[in-house]
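Enquirer: Sequences listed follow chains A, B and C, in order.
In this text, residue positions in the first sequence follow my numbering: the first is 6, and each later residue adds one.
In this text, residue positions in the second sequence follow my numbering: the first is 6, and each later residue adds one.
In this text, residue positions in the third sequence follow my numbering: the first is 6, and each later residue adds one.
Every residue gets a Cβ at the ideal spot worked out from N, C-alpha and C, and that includes glycine.
Here it is, the structure, as C-alpha cells.
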Amino acid sequence: MRPVVALLTDFGLHDHYVGVMKGVILGIAPRVTLVDLVHEVPPGDVLAGALHLDAAVDSFPTETLFLAVVDPGVGTARRALAARVGPWRFVLPDNGLLSAVLDRHPLRGAWSAEDPSFHLPSPGRTFHGRDVFAPLAAWWVDGTDPSRFGPPIRDPVRIPIPRARPVSDGWEGEVLLVDRFGNAVTNLPAPPPGSTAHALAGVFPAASTYGAVAPGEPLAVTGSTGRLELSVSGGSAARVYGLARGTTVRLEVP
Amino acid sequence: MRPVVALLTDFGLHDHYVGVMKGVILGIAPRVTLVDLVHEVPPGDVLAGALHLDAAVDSFPTETLFLAVVDPGVGTARRALAARVGPWRFVLPDNGLLSAVLDRHPLRGAWSAEDPSFHLPSPGRTFHGRDVFAPLAAWWVDGTDPSRFGPPIRDPVRIPIPRARPVSDGWEGEVLLVDRFGNAVTNLPAPPPGSTAHALAGVFPAASTYGAVAPGEPLAVTGSTGRLELSVSGGSAARVYGLARGTTVRLEVP
Amino acid sequence: MRPVVALLTDFGLHDHYVGVMKGVILGIAPRVTLVDLVHEVPPGDVLAGALHLDAAVDSFPTETLFLAVVDPGVGTARRALAARVGPWRFVLPDNGLLSAVLDRHPLRGAWSAEDPSFHLPSPGRTFHGRDVFAPLAAWWVDGTDPSRFGPPIRDPVRIPIPRARPVSDGWEGEVLLVDRFGNAVTNLPAPPPGSTAHALAGVFPAASTYGAVAPGEPLAVTGSTGRLELSVSGGSAARVYGLARGTTVRLEVP
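Structure (C-alpha cells):
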C-alpha cells in the first residue's frame, strides 16, 4: 500500500513552490501517493488553514500524512511539528494549524522535529516547506519513526477556533469560510426544518438542498460537515448579502 | 495496471472539495492513478462541463473512469449515473454532462446508482461529489460491477449541444469555449486554405498555426479537436474582439 | 521505481489542456508518477518558464523528466527537443526554455525529436503539448532511447538570462519573478548582514527571515535559491513598492 501524503499550503499555484515540495518528497519516498488538498489558503492565514484541514481529514484514509504549511513565522524560533492526531499523521509548523483538528480528535504523540539530519541543507531560512517539512513528511512515510526527529512535546500551540453558542431562540455564531460558489460555511449546527438563519440583511429559511428552492432564493442547508451553510440557489450568498469570514449568523429555531 | 480516474468538476481549486473527493477514493481504491482534468468549469455550467469532457476523452486510455461533477441539482431527485460510453467509464449526475460525448460515442450501458450501500453516510445533501460520486468511482475501478449500483437505464438526460450548419458560402456556428490564451474554440469545421472566418467585427483568415502570421494579427486555425479556432497571434482573440461562448461565427469558403 | 514526469506549462488550469497531456502520457507509460510544477507561466513567456524551471530542478530526483511547454512558436519550424542536462531529462520546444538550466548544468545530449512515429496523429498544428511533447516524454520514461527520436544536435536555442553585475558599492541586478506573496525574487547574491537593497522607492535592510522584523516592514532576505529576495513582512513587497520583473535592484554592501 502506498502511503498518502496530502498537501495543504498557502503557496498558491502560480509559483513552483508546491511542485518543488513534491520533488523533494519523491526523492526520499518515491512510492508515495501525493494529493493536493488546498493551496489557496490566504497568505499567512493560519485559522483558514486550520479550518480547511479540519473539514477534510475525516475523508482521508487512516495513516494519511497531512503536510500543512501556512507559516508566517518561517525561519523564526517556532517549532516544526510531527504529530499523531486521531488515525492520521501531521507535519506542520507549530503555530496553531492543528487547533481545529485537535478540538475533535485526541493528540496521540507530538515531536519537535529539530534534528537537522532530517532537514535539507538550505541557503536561506524562508522555504521550510521545501527544506524542513517536505523531507520530514517523506522520511516519516518512508518508515522513520517520528521520535527520531526530535524530543516529544505535549503542548502544541493552539489558537482559538470560533464556536457557536446557544441563545434564547436558537444559536449565534459566525461565518468560517466562503467557498467558490459563494456559500458561507458557518460554525452553527445544522438547521432543523422550520428554522431560519439571519446574517446581515439576509434571511435564510432552512431547506434540504440548493435545488429545493427557486433559483436566486436564499436558503440555509446542512452543509458537508454537518453544520449550517448559507446559500443562494444558483447564485452566491456571499456576493448577494456581503457575507465574509466573521460575519455574525443567528439561527432561530421555532 | 493502475486504473485511471480523471476528475472534472466546477469546484475550483480554492477550497478543499476536490482534495476531499480524492481522499475518499484512496480510502476505497488505494491503487488508483488520479488525474485532474479541469476543475474550473463555471459554477453549475453543465454545457461547459460537457464540452470539456468531450474535448478530452479521446486522449485518455481505454477504461479510464471520468468522475465528473457539475451538479446544480445536487440532493434533488436527479439520478446518479454510472455509464459505459465508447471505451471509457463515467460516473456523474444525470443532467446532460455526457451529452457531447454521447453525440460521438455509443452508450454501452448505464445504471442509476441509487443503492445507498455504495454511497457514504452523509450529514447533508449538498456534497454528492464526496458522498455519492467519489465512492461509486472508487468501487467501480476497484472491481465492483456497475450493475450492482442500481437498475439499468436507457435514457440518460441529454442537453442540446450547439452544432454548426452549412450555409450558402460556407458554415455558420458559434463559439463554444474561450481558453486561457483567449482562443475561441468553435463548433465549425476546420478552415480550408483560403477561407475566412467572421465573428462580430473580427476577420480571421485561415492560417496553419499562430506563428504563421505576424504578432497581433488575427487568424483562423484548425484547433486541437479538428475544428475552427479563432486566435490572435501572441494575443487574445477573446479580448480584442469581444468573443464569448455563443458568439456567432461564419466561415466563408471560397 | 516509477519514473517522475514533472510538467511545466503556460496552459493554466482553467482548461483541460494539462489533463489531456496527462491522459496521453498514461496511455503510453501507465506506471509514471506525474507532478505539476507550475502551469501559470504567463502565456508565451519563455523567460519566465526558464526561470521557474531553473529554480525547481535541483529539488527533483535524478532521472526526473521535465516536460515543459511554453511554446509561442507551436507548429512552426522550431524544433522539438529531447535533452539530458545534468542528472535530469527534458522534453520541450527548442526556444530557450532550457537556457537558465544550461547556464548552471552541463548539456549531456540533445536530439531534435522529429521522427513522426513518436508523435500522435493530429488534426492541427496548435497543440504539440498533447501531440508531440507528451508522447515523447512518455516514450522516453517508458524506456525508448532518445536517440531514436531524431538526429543529435549540439546547439539548443539559448536566450539571455539577466545576470547581476558588481558595482562600486555592491551589486546591481533586477527582479526576475514576483511570487504569490508579493516577494520579489532577484538575480542578486544573498544580502550579507548590514547590507541594504534599494528598488524604486523601497529600502530593504538585510534580515534573516520575514518574522525577524515587524509586520509591514520591508526586508531583504536570502531567498530559497540563495539569492536576494525583497519582501514586506506579512505583506506584499510587489504591491507596496510596485516591483515587477525587470525592476532594477541595487544591493549596497557596507
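Does any residue of chain C bring its CB to less than 8 Å from the CB of Ala195/B?
Expert: It does: the Cβ of Ala195/B has a partner Cβ on chain C nearer than 8 Å.
Enquirer: Are the CB atoms of Tyr246/A and Pro77/B nearer to each other than 8 Å?
Expert: No, these two residues do not count as a Cβ contact at 8 Å.
Enquirer: Taking just the CA atoms, how far does Ala118/B sit from Gly28/A?
Expert: If you take the alpha carbons of Gly28/A and Ala118/B, they lie about 39 Å apart.
Enquirer: Give me the Cα-Cα distance between Phe65/B and Pro151/B, rounded to the nearest whole angstrom.
Expert: About 20 Å.
Enquirer: Go through its chain and collect everything with a Cβ distance to Ser241/A's Cβ below 6 Å, but skip five positions before and after it.
Expert: Result list for Ser241/A: Gly187, in chain order.
Enquirer: Can you tell me which of Thr67/C, His21/C, Ser236/C, Pro8/C puts its alpha carbon nearest to the alpha carbon of Ala217/C?
Expert: Ranking Thr67/C, His21/C, Ser236/C, Pro8/C by Cα distance to Ala217/C puts Ser236/C first.
Enquirer: With a 10 Å radius around its C-beta and 16 neighbouring C-beta atoms as the bar for buried, classify Ala105/B as buried or exposed.
Expert: Per the 10 Å Cβ criterion, buried.
Enquirer: Which one of Val254/B, Leu102/B, Asp136/B has the shortest CA to CA distance from Ser229/A?
Expert: Ranking the options by Cα distance to Ser229/A, first place goes to Asp136/B.
Enquirer: Under 8 Å, with one C-beta from each stretch per pair, do the stretch 86-100 of chain C and the stretch 49-68 of chain C reach the 3-pair mark?
Expert: Yes, since at least three Cβ pairs between the stretch 86-100 of chain C and the stretch 49-68 of chain C fall closer than 8 Å, the two stretches touch.
Enquirer: In this structure, what does DSSP give as the bridge partners for Asn143/B?
Expert: According to the sequence as given, residue 143/B is Ala; it is not Asn. Ala143/B pairs with nothing; no bridge assigned.
Enquirer: Mark Ser173/A as exposed unless 16 or more other C-beta atoms lie within 10 angstroms of its C-beta, in which case mark it buried.
Expert: Exposed: under 16 other Cβ atoms inside 10 Å.
Enquirer: Quick one: is Gly28/B near chain A, going by C-beta distance under 8 Å?
Expert: Interface residue, yes.
Enquirer: Considering Cα atoms alone, identify which of Gly221/C, Ala225/C, Ala206/C is closest to Val197/C.
Expert: Here residue 197/C is Pro; the residue named in the question, Val, does not match the sequence. Per the Cα distances, Ala225/C.
Enquirer: If the criterion is Cβ atoms closer than 8 Å, does the pair Phe138/A and Leu52/A meet it?
Expert: Taking 8 Å as the Cβ cut-off, Phe138/A and Leu52/A do not qualify as a contacting pair.
Enquirer: Please tell me whether Leu18/C has its Cβ less than 8 Å away from any Cβ of chain A.
Expert: It does: the Cβ of Leu18/C has a partner Cβ on chain A nearer than 8 Å.
Enquirer: Got a sec: is the Cβ-Cβ distance from Leu12/B to anything in chain A below 8 Å?
Expert: Chain A contact via Cβ: absent.
Enquirer: Looking only at its chain, what residues have a beta carbon closer than 8 Å to the beta carbon of Pro156/B, apart from the 5 residues adjacent to it on each side?
Expert: Around Pro156/B: Trp116, Ser117, Glu119.
Enquirer: When Cβ atoms are compared, which residues of the stretch 157-190 of chain A fall closer than 9 Å to chain C?
Expert: Answer in chain order: no residues at all.
Enquirer: Classify Arg244/A as helix, strand or coil using the three-state DSSP reduction.
Expert: The answer is helix: DSSP assigns Arg244/A an H, G or I state.
Enquirer: At a cut of 8 Å, does the stretch 246-255 of chain B reach the stretch 173-184 of chain B through at least three beta carbon pairs?
Expert: Cβ pair count under 8 Å is three or more, so yes.
Enquirer: Note down, in chain order, every chain F residue with its Cβ under 7 Å from the Cβ of His21/B.
Expert: Given the protein chain composition of this structure (A, B and C), no chain F is represented.
Enquirer: Counting only Cβ pairs nearer than 9 Å, list the residues of chain B close to Phe65/A.
Expert: Residues of chain B passing the Cβ test: Gly24, Val25, Lys27, Gly28, Val29, Leu31, Gly32.
Enquirer: Compare the Cα-Cα distances from Leu125/B to each of Ala142/B, Arg83/B, Asp59/B and report the closest residue.
Expert: Here the closest residue by C-alpha is Ala142/B.
Enquirer: Got a sec: is the Cβ-Cβ distance from Pro140/A to anything in chain C below 8 Å?
Expert: Output row for Pro140/A: interface = no.
Enquirer: Between Arg244/C, His110/C, Ser213/C, Leu248/C, which lies nearest to Val79/A when the distance is taken from Cα to Cα?
Expert: Here the closest residue by C-alpha is Ser213/C.
Enquirer: Going along the chain, which residues of the stretch 73-90 of chain A sit with their C-beta nearer than 7 Å to a C-beta in chain C?
Expert: From the stretch 73-90 of chain A, only Pro77, Gly78, Val79, Gly80, Thr81 have a Cβ closer than 7 Å to chain C.
Enquirer: If you run the structure through DSSP and keep just helix, strand and coil, what is His203/B?
Expert: Three-state DSSP puts His203/B in a strand.
Enquirer: Taking all protein chains shown into account, decide if Asp99/A is buried (16 or more other Cβ within 10 angstroms of its Cβ) or exposed.
Expert: It counts as buried.
Enquirer: Could you tell me which uninterrupted alpha helix (DSSP H) segments, each at least 4 residues in length, are contained entirely in the stretch 93-137 of chain C, listed from first to last along the chain?
Expert: Counting only runs of 4 or more, we get 104-107.
Enquirer: Please go through the same chain and pick out, in chain order, the residues whose beta-carbon is closer than 7 Å to the beta-carbon of Arg83/B, but skip the five residues on each side of it.
Expert: Contacts found: Pro98, Asp99, Asn100.
Enquirer: Pop quiz: Leu39/A and Leu12/A are said to be a contact at Cβ under 8 Å. What is the actual Cβ separation, rounded to whole angstroms?
Expert: At roughly 7 Å, the Cβ-Cβ gap stays under 8 Å, so Leu39/A and Leu12/A are in contact.
Enquirer: Determine the extent of the beta strand (DSSP E) in which Asp59/A is found, giving its start and end residues.
Expert: Asp59/A -> not in any beta strand (DSSP E); alpha helix (DSSP H) instead, spanning 51-61.
Enquirer: I'd like to know if Thr252/B contacts chain A, where contact means its C-beta is closer than 8 Å to some C-beta of that chain.
Expert: Not an interface residue.
Enquirer: Specify the secondary structure class of Ser152/A as computed by DSSP and reduced to three states.
Expert: Helix.
Enquirer: In chain B, which residues lie with their C-beta within 7 Å of the C-beta of Ser229/A?
Expert: In chain order: Gly129, Thr131, Phe132, Arg135.
Enquirer: Closer than 8 Å between beta carbons: that is the criterion. Which residues of the stretch 206-219 of chain A meet it against chain B?
Expert: Answer in chain order: Ser213, Thr214, Tyr215, Gly216, Ala217.
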